[in-house]
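K.L.:
The numbering of the sequence shown is numbering that gives the first Met the number 0, which starts it at 0 and goes up by one. Here you go, one structure.
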Amino acid sequence: MKRGIFLAILLCLLFCVPQGVLVANEADGQNLSMLQGYEAFRNGDWVSALFFLRKAVGSGATTEETWYLLILSEMYSQEYEAAIQDCQHYMAQYPEGGFYPLVEYQYGRSLYCSGKYQDAISQFTDFCHSYPDSEFYPSALFFIAESFFNEYNYSSAKVLYQRLVDDYPLAERSPEAKDRLRIIGQVEREEKLLYLLRVTGEEYLAAKEDYEKQLRKYQSEDSMGLQDQLSKSFSDMRAMQSTVDELQYRNDEQSRRIAQLEEEKKLLEISASEARRLASDIATASQAFSNTAVSEKPAPEEPVSKEQVSQATPQVNESAVRETVSGTAARYPELESLREKVEELQRLLEERSIKGEN
């Protein structure tokens with residue numbers, strides 16, 4: 000559409016020029032370059048158009064139309080930096096020119112295409128304020144929105160895209176604006192999802208941190224409780240060990256006491272056996288003495304002496320008997336009666352010996 004407008008302007012310029020003037024100027028090199036540039040522009044030969052138009056401008060054939068066609072050729076050839084410079088030159092040379100609004104619009108486009116989005120936003124904003132009724136006004140809104148979009152300012156871009164769709168539904172850029180709105184909607188949904196994920200992740204990290212903190216706290220408390228339990232267990236073990244040591248000591252004492260009693264039992268058995276043997280010997284001696292006293296009567300003229308009686312009586316180791324009996328009786332009172340009987344028997348023997356002498 001824009002290209003058709005530009006071509007229409009060019010044709011008007013060409014056909015409005017008198018034929019006599021063109022024929023008269025064909026001999027002039029400057030006018031020839033300009034005409035060749037117009038022809039190349041009309042045919043869409045941007046390389047040739049740039050060559051002849053720049054030659055015409057450089058040779059001094061500087062008209063508004065030539066500069067404007069040169070700017071358009073540079074835009075179509077994507078030589079945006081050159082277009083920026085030529086737009087600035089035109090606006091400085093022809094501030095009241097008839098192509099000034101169109102050059103301002105192309106200046107904004109050249110800034111946008113060069114990636115200078117902030118400068119493009121400023122230029123198109125000024126254009127919209129200066130020419131609200133221009134046919135390029137919807138396109139200017141679109142390029143402002145595109146600049147915001149490329150700067151990732153989706154909220155500002157969305158407002159301008161929506162305005163373009165609502166106020167200029169038949170504009171050339173309206174379908175593109177609708178596509179951008181769908182993309183922004185998807186981006187917004189993704190941003191919301193990312194926000195939810197980020198919030199959820201932060202909540203998860205906070206919950207995880209709190210859980211780990213609580214876990215460390217519980218582990219510390221459990222460790223302290225376990226240490227207390229271990230200390231108590233060690234204390235109980237020490238007390239039990241003391242009890243075991245005491246019981247072991249008592250057991251050793253009882254073992255020593257049992258061993259002592261066993262030894263004393265053996266001594267008692269030996270003493271009892273010795274006492275029985277002595278009693279048996281005493282009884283045998285007493286019986287033998289009685290039998291001898293009855294059967295044998297001594298002759299009167301030969302009295303029996305005490306030495307003879309003692310020789311006839313079995314000799315009893317009295318001191319041994321007393322020592323043995325008294326030694327064991329001190330520890331065993333039950334032997335006291337046995338000792339008394341032994342002494343009684345000894346006394347009876349002595350009395351009989353005395354009677355035999357008499």
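The beta-carbon is built from N, C-alpha and C at its ideal position, and this holds for glycine as well.
Quick one: what does DSSP say Gln77 is sitting in, helix, strand or coil?
P.N.:
coil
K.L.:
If you draw a straight line from the C-alpha of Arg249 to the C-alpha of Leu214, how long is it?
P.N.:
51 Å
K.L.:
When we look at the beta-carbon of Asp85 and count the other beta-carbons within 10 Å, is it buried (16 or more) or exposed?
P.N.:
buried
K.L.:
Under DSSP, the alpha helix (DSSP H) around Ala170 begins and ends at which residues?
P.N.:
Note, Ala170: premise wrong, no alpha helix (DSSP H); not H, not E.
K.L.:
Using C-beta distances below 8 Å, list every residue in its chain close to Phe142, excluding the 5 sequence neighbours before and after it, in chain order.
P.N.:
Gly107, Arg108, Tyr111, Ala119 and Phe123
K.L.:
With C-beta atoms as the reference, is Ala39 less than 7 Å away from Ser32?
P.N.:
no
K.L.:
Following the continuous alpha helix (DSSP H) through Glu145, name the residue where it begins and the one where it ends.
P.N.:
Tyr136 to Asn149
K.L.:
Looking at C-alpha atoms only, which residue of Ile70, Gln77, Met74 and Ser76 is the closest neighbour of Met90?
P.N.:
Taking only the C-alpha atoms, the option nearest Met90 is Ile70.
K.L.:
In or out: Phe148 buried (at least 16 other Cβ within 10 Å) or exposed?
P.N.:
buried
K.L.:
For the alpha helix (DSSP H) holding Tyr104, just list the boundary residues, first then last.
P.N.:
Tyr99 to Cys112
K.L.:
Only counting the same chain, and skipping five residues up and downstream in sequence, which positions put a Cβ closer than 6 Å to that of Glu358?
P.N.:
One cannot answer for residue 358 here, as it falls past the ends of the chain, which runs 0 to 357.
K.L.:
In or out: Ser146 buried (at least 16 other Cβ within 10 Å) or exposed?
P.N.:
buried
K.L.:
In angstroms, rounded to a whole number, what distance separates the CA positions of Glu342 and Glu263?
P.N.:
25 Å
K.L.:
Report the residue ranges of all beta strand (DSSP E) runs contained in full by the stretch 209-287; include only those spanning at least 3 residues, in chain order.
P.N.:
none
K.L.:
Give the secondary structure of Gly43 by DSSP, where H, G and I count as helix, E and B as strand, and everything else as coil.
P.N.:
coil
K.L.:
Hey, Pro131 and Arg172: beta-carbon distance below 7 Å or not?
P.N.:
Not a contact, by the Cβ cut-off of 7 Å.
K.L.:
For Glu25, count the other beta carbons within 10 Å of its own beta carbon; 16 or more makes it buried, fewer makes it exposed. Which is it?
P.N.:
Because the pLDDT at Glu25 is just 41, under 50, the model does not fix this residue reliably, and the point stays unresolved.
K.L.:
Can you name the start and end residues of the alpha helix (DSSP H) that Thr124 belongs to?
P.N.:
Tyr116 to Ser129
K.L.:
If I'm right that Gly96 touches Glu63 with Cβ under 8 Å, what's the distance once you round it to whole angstroms?
P.N.:
Cβ atoms of Gly96 and Glu63 come within 8 Å of each other, at about 5 Å.
K.L.:
Kindly indicate which residue of Tyr160, Glu261 and Arg188 has the alpha-carbon position closest to the one of Glu175.
P.N.:
Tyr160
K.L.:
Does the CB of Gln161 have a neighbour CB from chain B at under 7 Å?
P.N.:
Judged by its chain identifiers, the structure shown contains no chain B, having just a single protein chain.
K.L.:
Roughly how many angstroms lie between the CA atoms of Trp66 and Arg181, to the nearest whole one?
P.N.:
39 Å
K.L.:
Which of the three DSSP states, helix, strand or coil, is assigned to Thr199?
P.N.:
In this structure, Thr199 counts as helix in the three-state DSSP scheme.
K.L.:
Could you tell me how far apart the beta carbons of Tyr79 and Ser121 are, in whole angstroms, since I believe they sit closer than 8 Å?
P.N.:
Contact doesn't hold; Cβ gap of about 17 Å is too wide.
K.L.:
Classify Lys157: buried if its beta carbon has 16 or more other beta carbons within 10 angstroms, exposed otherwise.
P.N.:
buried
K.L.:
What do you get for Gln77, buried or exposed, if any count of 16 or more other CB atoms within 10 angstroms of its CB means buried?
P.N.:
exposed
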